[in-house]
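The next block holds one structure in the form of structure tokens; read it before the comments.
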């Protein structure tokens, strides 16, 4: 898969750096050891963060800044990483979906980046382009119905939008039958080393919990 960053994203966030990871995986409904890791991370957050200080984390702050630059209110359309951590800080449990979804959620909250996880076999074409959502552009968020992505950063394949930092698309979502995983890490803070670290962290999680060799990744800007 090729990933292109459009000029409209480069203009509002010239420091953007992303990572694209692909791996062969085996999904499962639930993994107890993975959830122990998730709960441990939640306990750490509750000791160190508040819902207000969370917004100042570099990775989350940068994503919120890009939302505003694109014309979207980040408090109404929260980046997924922020929404997940806020839920933990409020003492609420994260929704349990399946091992791949739960694993990506852990990777997102651990580093603060909004991460898209997709069934790569559902993409149309061999190129993803990161742009900005248009007025009236159709987009069905996972479990959210049709949402307004106007002013949101969005990845598109040949058919249309597949992922935003707020919600990925139903069309390309991971399921228990997913075998070919593609992950996109969005580093709007421009911290390439931290994006790389996040990718290697995901590789380690895949090796532990998804019967995978961790696959491979590349950096794109």
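In this note's numbering, the protein residues as written are 1014 to 1234. Each residue gets a CB set at the ideal place from its N, CA and C atoms; glycine is no exception.
Check: Who are the Cβ neighbours of residue 1067 in its own chain at under 6 Å, not counting the five residues just before and after it?
Finding: Here residue 1067 has 1098 as same chain residues with Cβ atoms under 6 Å from its own Cβ, once five neighbours each way along the sequence are excluded.
Exercise for the section: Indicate the three-state DSSP secondary structure (helix, strand or coil) for residue 1194 in the structure shown. Expected result: strand
message = What does DSSP give as the partner residue(s) for residue 1229 in the beta ladder?
response = 1035
- Could you please give the first and the last residue of the uninterrupted beta strand (DSSP E) stretch that includes residue 1169? For residue 1169, the uninterrupted beta strand (DSSP E) run begins and ends at 1166-1169, by DSSP.
To which residues does DSSP link residue 1015 through a beta bridge?
1140
Roughly how many whole angstroms lie between the Cα atoms of residue 1164 and residue 1144? 10 Å
How many angstroms separate the CA atom of residue 1018 from the CA atom of residue 1024? 10 Å
Handout entry: residue 1061 in three-state terms, based on DSSP
Key = Collapsing the DSSP output to three states places residue 1061 in a helix.
- Excluding the 5 residues preceding and the 5 following residue 1140 in the sequence, name in chain order all residues of the same chain whose CB lies nearer than 8 Å to its CB. 1014, 1015, 1016, 1017, 1170 and 1171
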